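Notes for the one structure printed next.
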Amino acid sequence: MEQHRPNRAEVFNEAKTYKDQRISAPALGRKRYTAEGLKAIREKAPVWLQNAIDLALITTQRRTDILDMRFDGVRDGYLYLVQKKTAKASDAAWIRFRVTPEL
Numbered sequence: 005m006e007q008h009r010p011n012r013a014e015v016f017n018e019a020k021t022y023k024d025q026r027i028s029a030p031a032l033g034r035k036r037y038t039a040e041g042l043k044a045i046r047e048k049a050p051v052w053l054q055n056a057i058d059l060a061l062i063t064t065q066r067r068t069d070i071l072d073m074r075f076d077g078v079r080d081g082y083l084y085l086v087q088k089k090t091a092k093a094s095d096a097a098w099i100r101f102r103v104t105p106e107l
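Residue numbers for the sequence shown follow the numbering used here, so the first one is 5 and each next one is one higher.
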């Protein structure tokens with residue numbers, strides 16, 4: 005059986021081709037929720053999902069970051085969070101949200 009091992013130039017060219025052909029989320033068939041649609045979902049949702057929806061709207065964080073929010077992340081009146089998407093980056097930083105009655 006013959007194996008083919010691509011060289012770096014081939015891999016780079018493939019990656020560049022993929023990058024040039026990327027399509028946006030709406031083109032993939034994903035749709036943004038309207039305020040009315042989200043309100044209807046929230047009204048029928050269990051309490052834990054209502055809380056997650058509220059956190060997402062108030063903090064504008066990704067769902068993976070919402071799932072990482074914990075009460076023990078609250079210090080001195082702020083909720084601290086490092087976003088998952090940038091956590092491994094050299095310039096990753098804590099984001100803090102003031103804990104208010106709304107939050």
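Backbone N, C-alpha and C fix where the C-beta goes; we use that ideal spot for every residue, glycine too. Given the structure is predicted, the values throughout are model-derived calculations rather than measurements.
Whole angstroms is fine: what's the gap from residue i's alpha carbon to residue j's?
{"i": "Glu-106", "j": "Ile-62", "result": "8 angstroms"}
{"i": "Arg-79", "j": "Tyr-37", "result": "33 angstroms"}
{"i": "Trp-52", "j": "Leu-71", "result": "11 angstroms"}
{"i": "Glu-40", "j": "Val-103", "result": "27 angstroms"}
{"i": "Phe-73", "j": "Lys-35", "result": "Contrary to the premise, residue 73 reads as Met rather than Phe in this sequence. Approximately 25 angstroms between the Cα atoms of the pair."}
{"i": "Ile-99", "j": "Gln-87", "result": "8 angstroms"}
{"i": "Gln-65", "j": "Lys-89", "result": "11 angstroms"}
{"i": "Phe-101", "j": "Gly-81", "result": "9 angstroms"}
Run the CB neighbour count on residue i, radius 10 Å, all protein chains shown included, and call it buried at 16 or more, exposed below.
{"i": "Asp-76", "result": "exposed"}
{"i": "Asp-69", "result": "buried"}
{"i": "Leu-59", "result": "buried"}
{"i": "Leu-85", "result": "buried"}
From the DSSP output, read off the bridge partner residues of residue i.
{"i": "Thr-37", "result": "The question names Thr, but residue 37 in the sequence shown is Tyr. Answer by DSSP bridge pairing: none, since Tyr-37 is not bridged."}
{"i": "Phe-101", "result": "Leu-83"}
{"i": "Val-78", "result": "Leu-83"}
Can you list, in chain order, the residues of its chain whose CB lies under 8 angstroms from that of residue i, leaving out five sequence neighbours each side?
{"i": "Ile-57", "result": "Leu-42, Ile-45, Arg-46 and Ala-49"}
If I measure Cβ to Cβ from residue i and keep anything under 6 angstroms in the same chain, skipping five residues before and after, which residues do I get?
{"i": "Ala-54", "result": "A small fix is needed here, since residue 54 is Gln in this sequence, not Ala. Within the same chain, Gln-54 has close Cβ partners Arg-46."}
{"i": "Ala-97", "result": "none"}
{"i": "Leu-83", "result": "Gly-77, Phe-101 and Val-103"}
Quick check: does the Cβ of residue i come within less than 6 angstroms of any heavy atom belonging to the ligand ADP?
{"i": "Thr-90", "result": "The ligand ADP is not part of this structure, which contains no ligands at all."}
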